[in-house]
Structure formats: structure tokens, C-alpha cells
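Comments concern the structure below.
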Amino acid sequence: RDAIRSLEVQGVVVVKVGAGGGLRVADADPDRFADALSVQLHLLGVSWSEVVEAMQTVEPLTARLAAERSTPEQVQLMREAVEEAKGHVHDPHAFTECSLDFHLLVADASKNRALRTSVRALRSVQAMKFEPNTSANIAHEVIDSHTKIIEAIASGDGNAAEAAMREHLDSMNDD
Numbered sequence: 016r017d018a019i020r021s022l023e024v025q026g027v028v029v030v031k032v033g034a035g036g037g038l039r040v041a042d043a044d045p046d047r048f049a050d051a052l053s054v055q056l057h058l059l060g061v062s063w064s065e066v067v068e069a070m071q072t073v074e075p076l077t078a079r080l081a082a083e084r085s086t087p088e089q090v091q092l093m094r095e096a097v098e099e100a101k102g103h104v105h106d107p108h109a110f111t112e113c114s115l116d117f118h119l120l121v122a123d124a125s126k127n128r129a130l131r132t133s134v135r136a137l138r139s140v141q142a143m144k145f146e147p148n149t150s151a152n153i154a155h156e157v158i159d160s161h162t163k164i165i166e167a168i169a170s171g172d173g174n175a176a177e178a179a180m181r182e183h184l185d186s187m188n189d190d
């Protein structure tokens, strides 16, 4: 019973009670998987430089794919995330959340679930580093970078989107 409860809490199985009940394998949930991976990254004690290397590997590709695959609605959501971030330049917590949401929206637009899961898994590690180090000046630089990324994605220019994301991430390995 304890093993089944543990699997249920992890989202691996679903337990239904009553007529027609029983034990079933749960439906796939990429966000639950990403959150579990995020916990493991914390437990492993991954360094900031390891996180940055992962971001520099994954996120430029998500930007390239987003430029090739995004819908106008997805680009609009990215623009809205940047607009919302502008209202939080003096609130490091809210600004960090908006900025990380932007990166997840780019990953969504890539239409690659494995890449999106990777971006989401890195999110909590990033938040721990970004939030305490975000000033209004840094927030404005991030907004400018995100805007440049959006423009490249909106134009459908995969090379420019990848380069803009790479440029945005290159400044982060200051550990």
C-alpha cells in the first residue's frame, strides 16, 4: 500500500475506488515530469555554470524552432509576457516569474515537448539565481533582449532568433 501511495503521489499511477476502480497507469504529464526533474537538479546540487551550459544548449534551438513553427497567437503571448514584465521592473520576484514565463512561451512555440520540458525543469534553479540579482537596470536589459528575440521569431528568421537567444544567454555565466 505504501508503494502504491508513493507512486500515486508521484503521478505514476491513478487509484480509483469503488465499482470499476483499481490501479491504472496515469496519463503522461510533461509538467509533472519537468517538476520532478527540477527537484532532482536541486538534489544533485548542479552548479550555476552547469545550468547556464544547459540553457545555452537548449534555448537557442527553441528560439530557432519557434521562429519556424510559431503561430501569430503564440508570438502575441510572448509580446504580452514582455509587456507584463515591464510593469514589474522594480519587483524582482514578479519580474523573474514573467521572464521565465517568456522563455517557456518560446519553448511552447518550438512545438518540441522534450525541449519545453527541459526549459521548465531548469526554471526553479534559474529563479533562485535570477530573483535576488535582478535590479531595474538588469530588468530593462532583459526586456530589450526578449523584445529582440520576439522580433526575430515573429519575422520567421530562425538564424536571427537563435543568435538573439544566444546573445541573451551569453551574459549569464558570471559564477
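Residue numbers for the sequence shown follow my numbering, so the first one is 16 and each next one is one higher.
Beta carbons: idealized from backbone N, C-alpha and C, even for Gly.
Test item: CB-CB of residue i and residue j under 8 Å
| i | j | result |
| --- | --- | --- |
| L56 | A109 | no |
| A142 | K163 | no |
| V54 | I165 | no |
| L80 | S21 | no |
| G26 | D44 | yes |
| V30 | I19 | yes |
| K101 | I158 | yes |
Cα-Cα separation, residue i to residue j
| i | j | result |
| --- | --- | --- |
| W63 | G37 | 44 Å |
| A175 | M70 | 17 Å |
| A82 | E65 | 26 Å |
| G35 | R128 | 33 Å |
| M187 | S150 | 14 Å |
| M4 | F117 | Outside the displayed span of the chain (16 to 190) sits residue 4, for which this structure offers no information. |
| V104 | A154 | 6 Å |
| H161 | R39 | 43 Å |
| D177 | L115 | As written in the sequence, residue 177 is Glu, which differs from the Asp given in the question. Going from the Cα of E177 to the Cα of L115 covers about 17 Å. |
| A41 | E99 | 35 Å |
| H183 | P147 | 19 Å |
| E68 | E88 | 30 Å |
| R47 | E156 | 32 Å |
| R181 | V140 | 19 Å |
Beta-carbon proximity list for residue i, same chain, < 6 Å, skipping 5 on both sides
| i | result |
| --- | --- |
| A122 | T77, L130, R131 and V134 |
| F10 | In the structure as shown, the chain begins at 16 and stops at 190. Residue 10 is therefore absent and cannot be evaluated. |
| A51 | none |
| E23 | V30 |
| G173 | R79, A82 and E83 |
| D190 | Because the pLDDT of D190 is 44, which lies under 50, any placement of that residue in the model is unreliable, and the question is left without a value. |
Own chain, CB closer than 8 Å to residue i, minus 5 neighbours either side, in chain order
| i | result |
| --- | --- |
| R16 | none |
| G171 | A82 and E83 |
| L28 | It is worth fixing the name first, because residue 28 is Val in this sequence and not Leu. Excluding residues within five positions, the ones whose Cβ falls inside 8 Å are I19, L22, L38, R39, V40 and A41. |
Selection from the options that minimises the alpha carbon distance to residue i
| i | options | result |
| --- | --- | --- |
| N196 | D50, D106 and L119 | With the chain covering 16 to 190 only, the question about residue 196 has no answer from this structure. |
| C113 | A96, S125 and R128 | A96 |
| L119 | H103, V32, Q25 and S85 | S85 |
| D185 | P75, E23, L58 and V140 | P75 |
is_contact[residue i, chain C] using C-beta, thresh 8 Å
| i | result |
| --- | --- |
| S21 | Of the chains in the structure shown, none is chain C; there is only one protein chain. |
Chain-order list of residues whose beta-carbon lies under 7 Å from that of residue i (same chain, five-residue window excluded)
| i | result |
| --- | --- |
| V73 | L130, S133 and V134 |
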